[in-house]
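Participant: At position 150 of the sequence shown the residue is numbered 150 (the UniProt record's numbering), and the sequence of numbers has no breaks. By construction, the Cβ of each residue, glycine as well, lies at the ideal position given by its N, Cα and C atoms. Computed from a prediction, not measured in an experiment: that's the story for all the values here.
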Amino acid sequence: ILVDACASRHNCKQETKELVEITQFPVFTTPMGKGTIDEGGVGGLLEDDPASIEKLKKKLDHGSSVSSRFGGVYVGNLSHPEVKEAVENADLILSIGSLLSDFNTGSFSYSYKTKNIVEFHSDYTKIRQATFPGVQMKEALQHLLKKVGKAASHYKPQPVPKVKLVNTPASRDSKLTQEWLWTRVSSW
1 ILVDACASRH
11 NCKQETKELV
21 EITQFPVFTT
31 PMGKGTIDEG
41 GVGGLLEDDP
51 ASIEKLKKKL
61 DHGSSVSSRF
71 GGVYVGNLSH
81 PEVKEAVENA
91 DLILSIGSLL
101 SDFNTGSFSY
111 SYKTKNIVEF
121 HSDYTKIRQA
131 TFPGVQMKEA
141 LQHLLKKVGK
151 AASHYKPQPV
161 PKVKLVNTPA
171 SRDSKLTQEW
181 LWTRVSSW
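As structure tokens, this is what we get:
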């Protein structure tokens with residue numbers, strides 16, 4: 001699952017979260033999609049809020065959360081090698097809220113090996129080469145959630161890259177590089 005900015009802009013965070021939890025598919029985000037899914041496991045935890053702490057305990061008691069399936073930030077050729085390999089070699093890509101721009105795609109360097117791509121957009125859905133105008137992302141995801149549970153029960157979760165990000169400061173004399181920038185952004 002590849003999550004981008006329009007998933008948040010079109011209020012599909014909950015549907016995306018549920019899709020990850022039900023399917024246990026690995027989930028990645030783009031730079032502009034950061035913050036759309038729970039990358040760290042404590043999403044919304046407030047130290048002085050007992051209800052929030054109870055919510056986290058229940059989440060941990062029930063096994064995996066979205067964050068346990070989070071694989072990293074995908075930026076095409078600028079991605080961490082393990083993230084790039086996992087996304088580009090996936091058998092299926094569910095792209096939710098894609099916003100293709102030079103910034104967001106590593107200068108348009110996305111390169112999927114599969115033709116099994118489903119794109120959920122605000123006002124259409126695309127499956128492989130077929131475009132379905134008017135099939136909106138939120139409604140399509142809600143219908144998918146109703147159907148996918150039983151089918152997903154047979155899925156054996158694939159390993160998710162566990163990328164260790166090194167947040168190294170840049171020296172005053174060195175040039176800022178894309179590699180340095182995306183490592184920093186990915187660690188937030």
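(1) May I ask which residues mark the beginning and end of the beta strand (DSSP E) holding Glu119?
(2) Using CA atoms only, rank isn't needed, just tell me which of Lys156, Phe28, Phe120 is closest to His143.
(3) Where does Ser95 fall in DSSP's three states?
(4) Which first and last residues belong to the beta strand (DSSP E) in which Pro133 is found?
(5) For the alpha helix (DSSP H) containing Thr16, name the first residue and the last one.
(6) Which term fits Leu94, buried or exposed, when burial requires 16 or more other beta carbons within 10 angstroms of its beta carbon?
(7) What first and last residue would you give for the alpha helix (DSSP H) that runs through Val87?
(8) Sorted by chain position, which residues of the same chain lie with C-beta nearer than 6 Å to Lys126's C-beta, five sequence neighbours on each side aside?
(9) Considering Cα atoms alone, identify which of Thr29, Ser122, Ile22, Arg69 is closest to Lys147.
Facilitator: Quick answer:
(1) 117-120
(2) From the listed residues Lys156, Phe28, Phe120, the smallest Cα separation to His143 is found for Phe120.
(3) The answer is strand: DSSP assigns Ser95 an E or B state.
(4) In the DSSP annotation of this structure, the continuous segment of the beta strand (DSSP E) that includes Pro133 starts and ends at 130-133.
(5) Thr16 -> alpha helix (DSSP H) spans 13-23.
(6) With 16 or more neighbouring CB atoms inside 10 Å of its own CB, Leu94 falls in the buried class.
(7) 81-88
(8) Glu119, listed in sequence order.
(9) Ile22
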